DNA sequence: AGTTAACCGAGACGGTACGTCGCGTCTTGTT
DNA sequence: AACAAGACGCGACGTACCGTCTCGGTTAACT
């Protein structure tokens with residue numbers, strides 16, 4: 001009954017209760033507990049399913065442009081209903097090991113997709129060789145998450161362009 | 175009654191209740207509510223007081239070394255009791271505007287301190303001129319928070335050295 | 349600050365708090381506690397003062413008529429604001445010895461006034477001699493309080509006339 | 523959980539809290555609230571159950587003797603644990619409509635039992651015909667409740683004998 | 001006239017109980 | 001057999017008052 005993610009969108013993560021999810025889903029609480037150990041687990045599964053539906057990393061041959069496209073897509077996602085849920089899950093992960101595992105599992109896939117594209121960039125002679133690509137992902141997405149989670153200033157496409165431009169001398173060839 | 179931060183350290187942010195804080199502090203619940211609107215507010219005040227006690231940014235004249243020193247100090251802090259509280263506050267900030275304001279207020283000071291040191295670095299000819307220094311802070315601390323909050327891999331001094339080294343071509347002169 | 353009896357009238361005895369009395373009286377709570385040990389004590393004093401203002405038992409020479417007049421007056425009192433307070437005090441007296449003393453003190457005066465009139469009735473040859481007059485008071489007022497406190501049916505002047513008529517063979521001479 | 527009436531006996535009505543009742547009953551507070559709206563409601567139900575267990579009015583054929591027996595029984599009850607609870611309930615009824623309804627409901631049964639016996643007394647030619655029997659009940663029990671609730675003097679069997687003797691000319695034949 | 005003490009309003013304090021909410025477990029009746 | 005429905009023991013919530021306790025500020029009395 002992932003239609004219960006709707007509650008999370010309507011009321012926010014914190015105000016979403018398992019009781020309400022069960023009621024909204026027309027299910028008994030027990031049934032919920034039979035399938036998921038916690039509220040976070042339900043939403044993680046929801047996110048994973050939705051994620052599988054969404055496709056991978058763009059590849060037009062121009063790495064820098066693709067990174068711009070992809071970060072812009074991610075930001076659009078963060079601005080949508082998904083953003084509220086993702087925020088809540090990251091928050092939950094700070095106090096709940098299981099949630100942290102779920103969050104990490106979700107991120108792993110996205111990071112690996114990104115790393116895959118970066119590897120192609122190296123092959124294409126667009127990305128400096130010898131870089132720890134996991135680190136490159138963090139250099140790019142770190143500022144985004146920092147600004148998005150800590151709300152120090154608005155995060156949008158132009159912000160990410162600034163980030164990518166600033167990182168350019170460190171990452172890209174010519 | 176900031177000695178109630180001890181509970182947060184012992185039990186974690188989520189398991190810390192205002193009831194327990196009051197009991198530990200030998201105070202009535204009402205007294206707590208008279209002074210702070212929420213658990214987060216108490217801890218934010220505690221963090222701010224402690225922060226005021228701690229000093230500012232190192233300045234040896236060598237910007238890169240100072241950044242290494244400072245990030246290393248911050249990481250040590252994150253590994254200490256403070257880390258658990260800070261984690262909890264950032265989590266709370268995701269679902270609570272007031273907490274978010276407090277977190278932002280705390281961060282602002284640290285960021286401004288960092289920006290101050292970066293400005294000196296520009297004057298000293300160690301940092302590239304023309305950079306948005308707020309952005310530079312995010313380039314440096316973004317990866318740190320990303321990795322620390324999302325727990326994708328361990329964060330330690332050597333990790334931050336990697337980050338600074340990777341950023342070097344983008345930030346530093348020669 | 350017996351103007352605080354107004355609160356009792358407005359909100360009922362149970363909902364009247366010493367805090368509210370103090371606020372309404374424009375006094376500090378401490379000042380209230382300096383003068384009275386409890387809410388009941390305040391109201392008892394208020395009742396006593398008001399009682400002293402009201403006069404005694406009617407005496408037209410016709411005992412039966414006087415009893416009708418007096419019971420009717422009492423009932424009118426019970427229907428007024430005083431009734432609500434008196435009800436509350438009697439209730440409080442069930443769980444509070446001090447309140448019980450106050451209630452008994454107030455009643456004593458009224459009962460003695462009634463007994464005084466009854467004694468005159470004996471002298472006048474209207475009341476059977478040899479009766480325990482305290483008991484006679486109870487025979488008359490007992491049904492009234494029973495019906496008023498337990499609310500088994502409406503109490504009004506005609507009810508009291510029935511009571512007096514029914515008691516007549518037991519009390520009055522011809 | 524009528525075993526919670528024990529608390530009322532031990533501590534008195536006023537000092538009995540729903541919290542303590544729940545604890546003593548080994549139940550959650552919510553469970554108490556699910557079944558009864560207030561402390562008074564619990565005790566009323568307890569009294570009603572106990573009342574159903576106790577039998578009705580004695581009938582030896584001698585009305586006056588039966589009234590003596592019954593009032594004496596009632597007084598013994600008032601002196602027992604039940605007395606404390608009944609006192610508290612009558613007190614509560616003064617400020618609480620629901621409690622008043624409960625008290626009235628309980629009384630109704632007893633009054634009707636008494637009226638039943640009085641009717642037989644009329645048939646047997648022991649009680650004056652033409653009396654409002656409801657009123658007769660009040661003439662008998664009114665003094666008892668008056669004296670018991672207002673504590674103007676001790677109530678005991680000999681007191682009730684005095685009452686019945688005094689009422690005799692008004693009520694009984696020969 | 002200046003100082004001092006008593007008393008006051010205001011309201012913070014440590015508590016206790018309130019009535020509500022949601023937890024995770026359990027029982028019951030239905031399909 | 002799995003399910004919805006929801007009761008259950010529990011624990012924390014945030015609120016209301018309790019009775020006690022400082023606080024300043026204002027009188028009033030007495031040097």
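Protein chains in written order, with this note's numbering: chain S, 1 to 174; chain X, 175 to 348; chain L, 349 to 522; chain R, 523 to 696. All C-beta atoms in this analysis are idealised placements derived from N, C-alpha and C, irrespective of residue type, glycine included. Model, not experiment: these values are computed from the prediction.
Under a criterion of Cβ atoms nearer than 8 Å, the residues of chain X adjacent to residue 13 of chain S are, in order, 268, 269. Put simply, the CB of residue 603 of chain R is far from chain L, with every gap to its CB atoms at 9 Å or more. Listed in chain order, the positions of the region 573-590 of chain R with a beta carbon within less than 7 Å of a beta carbon of chain L would be empty, since no residue qualifies. Across the region 145-161 of chain S, CB contacts with chain X closer than 9 Å involve 145, 146, 147, 149, 150, 151, 152, 153, 159, in sequence order along the chain.
Within chain R, 684, 688 have C-beta atoms less than 9 Å from the C-beta of residue 480 of chain L, given in sequence order.
In terms of beta-carbon proximity, residue 315 of chain X lines the interface with chain S, with at least one pair separated by less than 9 Å. Contact between the region 487-497 of chain L and the region 657-664 of chain R is present: 3 or more CB-CB pairs across the two stretches fall below 8 Å.
In this chain, residue 560 of chain R is not harboured by any alpha helix (DSSP H), its DSSP state being neither H nor E. With a beta-carbon spacing of about 34 Å, residue 439 of chain L and residue 520 of chain L fall beyond the 8 Å limit used to define contacts. Contact check between the region 441-459 of chain L and the region 498-517 of chain L: fewer than three CB pairs, one atom from each, fall below 8 Å, which does not count as touching. Within the region 437-471 of chain L, those residues whose Cβ lies closer than 8 Å to any Cβ of chain R are, in chain order, 438, 439, 440, 441, 442, 443, 444, 448, 451, 452, 455, 456, 459. Per DSSP, residue 269 of chain X lies in no alpha helix (DSSP H) segment and is marked neither H nor E. In this structure, residue 150 of chain S lies near residue 277 of chain X, with their beta-carbon atoms less than 9 Å apart. For residue 143 of chain S, the enclosing alpha helix (DSSP H) begins and ends at 133-150. For residue 231 of chain X, the secondary structure class from DSSP, reduced to helix, strand or coil, is coil. Around the beta-carbon of residue 227 of chain X, fewer than 16 other beta-carbon atoms lie within 10 Å, marking it exposed. For residue 332 of chain X, the enclosing alpha helix (DSSP H) begins and ends at 331-345.
For residue 330 of chain X, the CB contacts under 7 Å within the same chain, skipping 5 residues up- and downstream, are 249 in chain order. In the DSSP assignment, residue 649 of chain R is bridged to R:694.
For the set R:686, R:691, R:690, the Cα lying nearest the Cα of residue 593 of chain R is the one of R:686. For the pair residue 189 of chain X and residue 267 of chain X, the CB atoms are not nearer than the 9 Å cut-off. Spatial neighbours of residue 29 of chain S in its own chain (CB-CB distance under 8 Å, excluding positions within 5 residues in sequence) are listed in chain order as 18, 19, 22. For residue 627 of chain R, the three-state secondary structure derived from DSSP is helix. Taking CB atoms only, residue 691 of chain R has a neighbour in chain L less than 9 Å away. Note that the region 104-123 of chain S does not touch the region 297-304 of chain X; fewer than 3 beta-carbon pairs, one per stretch, sit closer than 8 Å.
Residue 246 of chain X carries a helical assignment under DSSP once its states are collapsed to helix, strand and coil. For residue 483 of chain L, the C-beta contacts it makes with chain R under 9 Å involve 665, 681, 684, 685, 688, in order along the chain. Using a Cβ-Cβ cut-off of 7 Å, residue 312 of chain X is close to 143, 146, 147 of chain S, given in chain order. Rounded to the nearest whole angstrom, the C-alpha separation of residue 515 of chain L and residue 653 of chain R is 11 Å.
Listed along the chain, the chain R residues whose CB falls inside 8 Å of the CB of residue 382 of chain L amount to none; the nearest CB is some 24 Å away. In the DSSP assignment, residue 178 of chain X falls outside any alpha helix (DSSP H) and carries neither an H nor an E. Residue 110 of chain S sits in a helix when the DSSP states are folded into three classes. Excluding the 5 residues flanking it on each side, residue 285 of chain X has same chain C-beta neighbours closer than 6 Å at 311, in chain order.
Residue 236 of chain X and residue 230 of chain X have their C-alpha atoms roughly 16 Å apart. Closest by C-alpha distance to residue 109 of chain S, out of S:68, S:147, S:50, is S:50.
Remark: C-beta atoms of residue 170 of chain S and residue 232 of chain X do not approach each other more closely than 9 Å.
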